[in-house]
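A.B. asks:
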């Protein structure tokens, strides 16, 4: 693949034309001078054609490998089921694509994640996981507050992501959501729990060492639909993480230190401004709180696909391609997340504590980056 365009809008390809792909397509429309989707691919010909019309693609394909072979693309966005991510990423790399934005979760297994890590490093490629919440300014503010010692030494983290699923679709319904299918990576682990785990790993300030969890499968689909666990870190920080498809919607993030506590009532899908609550204890059984407002004055209509964080994520991706920015989340971090999620899932199955085994080359790369 030739060098990225230096002046003209970058040309991107889209693999997968489902719901979340529209968030990227709409984001590109607001960044028309910087980036455009030149091509898209979906196994459904009508869906691919419609997506191409909506977002100004030059060509629409039913086989993404044809798109990769025929188009001169500066980067590719992957918006497919988690179970397909490794194959799609590897096909992009084999076709010469060196910049890839892949929707979360990166993969559904440690083997897949580590294969991508080794391959991308060997090629000098950038694989960036699509955790759009990281691009909200409230997350940078949280990082600054923790780094500045506002809450003192971090003791613990609590992160949750719940959303009720009535499970109304029949177990044998071919058109049921991918979230209700084991073979596509459905269930809470790679859809919802990946958010709390990413935040916990980010704010713990250390590498995960050991986990334990309890979980429950959907009697209808066999997917793991409830998980409650803890993660122990090398520095002694402990994180509790929760995700359930049988609970009312909730997305809490709480970071507790020895001097104060920071909390977000809705952490992963903040539609606009973000409010951080800073709480202290001035005396015995006393608690005082203040709200730290983090403005995010960008227009949106309240729908997930129009959240402005997707615009910032795509802008970051474009800048990464041009060499003027680093990804908001490194591939090292994404791989650690996959290994942590897998350990939590194994803890549920084996009903015991599980060590998080991080390969030495990965640990060395993380320590060098820090």
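In the working numbering, the protein residues as written are 4 to 373.
We treat Cβ as the ideally placed atom computed from N, Cα and C, and that holds for glycine.
#1: Just to check, is the beta-carbon of residue 109 closer than 6 Å to a non-hydrogen atom of the ligand PLP?
#2: In whole angstroms, give me the CA-to-CA distance for residue 210 and residue 173.
#3: Going along the chain, which unbroken runs of the alpha helix (DSSP H) with 4 or more residues stay wholly within the segment 109 to 191?
#4: Could you give the distance in angstroms between the alpha-carbon of residue 281 and the alpha-carbon of residue 298?
#5: If you follow the alpha helix (DSSP H) that residue 343 is in, where does it begin and where does it stop?
#6: Mind listing, in chain order, the continuous beta strand (DSSP E) runs of no fewer than 3 residues lying wholly within the segment 206 to 249?
#7: Answer with buried or exposed for residue 262, where buried requires no fewer than 16 other C-beta atoms within 10 angstroms of its C-beta.
#8: Is the beta carbon of residue 346 closer than 7 Å to that of residue 244?
#9: Could you check the C-alpha separation between residue 100 and residue 286 for me, to the nearest Å?
#10: Helix, strand or coil, according to DSSP, for residue 53 in the structure here?
#11: Where does residue 90 sit, in a helix, a strand or coil, going by DSSP?
#12: I need the DSSP call for residue 366, collapsed to helix, strand or coil.
#13: So within the segment 240 to 317, which uninterrupted beta strand (DSSP E) runs reach at least 3 residues, ignoring any that extend past its ends?
#14: In or out: residue 40 buried (at least 16 other Cβ within 10 Å) or exposed?
#15: Are there 16 or more other CB atoms within 10 angstroms of the CB of residue 47, so buried, or fewer, so exposed?
#16: By how many angstroms is the C-alpha of residue 343 removed from the C-alpha of residue 354?
#17: Can you name the start and end residues of the alpha helix (DSSP H) that residue 62 belongs to?
#18: May I ask you to report which of helix, strand or coil DSSP gives residue 26?
#19: Relative to the alpha-carbon of residue 149, which residue among 315, 196, 205, 276 has its alpha-carbon at the smallest distance?
#20: Using DSSP's beta-bridge definition, name the partner residues of residue 104.
#21: Distance check for residue 270 and residue 380, CA to CA, integer angstroms please.
#22: My output table needs one value for residue 15: the three-state DSSP class, helix, strand or coil.
#23: For residue 200, which residues in the same chain have their Cβ closer than 7 Å to its Cβ, ignoring the five residues on either side in sequence?
#24: On the three-pair Cβ rule with 8 Å, is the segment 250 to 267 touching the segment 300 to 310?
#25: Is it buried or exposed, residue 45, if we count other Cβ atoms within 10 angstroms and call 16 or more buried?
#26: Report the three-state DSSP secondary structure of residue 358 (helix, strand or coil).
#27: Let me make sure I understand the geometry here. Which of 248, 256, 307 has the alpha-carbon closest to that of residue 274?
#28: Nearest to residue 362 by CA position, among 116, 59, 89, 22, is which residue?
#29: Using the Cβ count rule (16 or more neighbours within 10 Å means buried), how would you classify residue 11?
#30: Could you name the residues of the same chain whose beta carbon sits closer than 6 Å to that of residue 187, not counting the 5 residues immediately before and after it, in chain order?
#31: Give the DSSP-derived three-state secondary structure of residue 98 in the structure shown.
C.D. replies: Let me spell this out:
#1: With respect to the ligand PLP, the structure offers nothing, as it holds no ligand at all.
#2: Translated into positions along the chain shown, residue 210 becomes position 207. Translated into positions along the chain shown, residue 173 becomes position 170. For residue 210 and residue 173, the distance between alpha carbons rounds to 41 Å.
#3: 113 to 126, 140 to 150
#4: The residue you call residue 281 lines up with position 278 of the chain shown. The residue you call residue 298 lines up with position 295 of the chain shown. So the two alpha carbons sit approximately 16 Å from each other.
#5: Along the chain shown, read from residue 1 onward, the residue named residue 343 stands at position 340. Start and end: 334 to 353.
#6: 211 to 220, 227 to 236, 241 to 247
#7: Here the question's residue 262 lines up with position 259 in the chain shown. With a 10 Å radius around the Cβ and a threshold of 16 neighbouring Cβ atoms, residue 262 comes out exposed.
#8: Residue mapping note: residue 244 aligns to position 241 of the chain shown, counting from 1. Residue mapping note: residue 346 aligns to position 343 of the chain shown, counting from 1. No.
#9: Taking the first residue of the chain shown as position 1, residue 100 is located at position 97. Taking the first residue of the chain shown as position 1, residue 286 is located at position 283. If you take the alpha carbons of residue 100 and residue 286, they lie about 58 Å apart.
#10: Taking the chain shown and counting its residues from 1, the one referred to as residue 53 is at position 50. In this structure, residue 53 counts as helix in the three-state DSSP scheme.
#11: Within the chain shown, the letter at position 87 stands for residue 90. If DSSP states are grouped into helix, strand and coil, residue 90 belongs with the helices.
#12: Stepping through the chain shown from its first residue, residue 366 is reached at position 363. Note: residue 366 maps to helix in three-state DSSP.
#13: 241 to 247, 256 to 260, 263 to 267, 277 to 283, 291 to 297
#14: In the chain shown, residue 40 corresponds to position 37, counting from 1. Buried, because 16 or more other Cβ atoms sit within 10 Å of the Cβ of residue 40.
#15: Counting from 1 along the chain shown, the entry for residue 47 is found at position 44. Exposed is the call here.
#16: For the purposes of this step, residue 354 is taken as residue 351 along the chain shown, with counting starting at 1. For the purposes of this step, residue 343 is taken as residue 340 along the chain shown, with counting starting at 1. One C-alpha to the other measures close to 16 Å.
#17: Numbered from 1 along the chain shown, position 59 holds the residue referred to as residue 62. Unbroken run through residue 62 is the beta strand (DSSP E), 62 to 64; no alpha helix (DSSP H).
#18: By one-based count along the chain shown, residue 26 stands at place 23. Looking at residue 26 - three-state DSSP - the assignment turns out to be helix.
#19: Reading the chain shown from its first residue, position 146 is the one you call residue 149. Closest by alpha carbon: 205.
#20: Locating residue 104 in the chain shown gives position 101, where the first residue counts as 1. The partner list for residue 104 (beta bridge, DSSP) reads 80, 131.
#21: Since the displayed the chain opens at 4 and closes at 373, residue 380 lies outside it and no answer follows.
#22: As a position in the chain shown, residue 15 is number 12, starting the count at 1. If DSSP states are grouped into helix, strand and coil, residue 15 belongs with the strands.
#23: Along the chain shown, read from residue 1 onward, the residue named residue 200 stands at position 197. Same-chain partners within the cutoff: 244, 340, 343, 344.
#24: no
#25: Counting from 1 along the chain shown, the entry for residue 45 is found at position 42. Classification for residue 45: buried.
#26: Along the chain shown, read from residue 1 onward, the residue named residue 358 stands at position 355. Of the three classes helix, strand and coil, the one that applies to residue 358 here is strand, per DSSP.
#27: Within the chain shown, numbered from 1, the residue matching residue 274 stands at position 271. Looking at the Cα atoms, 307 is the closest of the given residues.
#28: If you number the chain shown from 1, residue 362 lands on position 359. By alpha-carbon distance to residue 362, the top candidate from 116, 59, 89, 22 is 116.
#29: One-based indexing of the chain shown puts residue 11 at position 8. Exposed is the call here.
#30: Taking the first residue of the chain shown as position 1, residue 187 is located at position 184. Closer than 6 Å at Cβ, skipping near neighbours: 84, 86, 181.
#31: On the chain shown, residue 98 is found 95 positions in, with the first residue counted as 1. In the structure shown, residue 98 sits in coil (DSSP, three-state: anything other than H, G, I, E or B).
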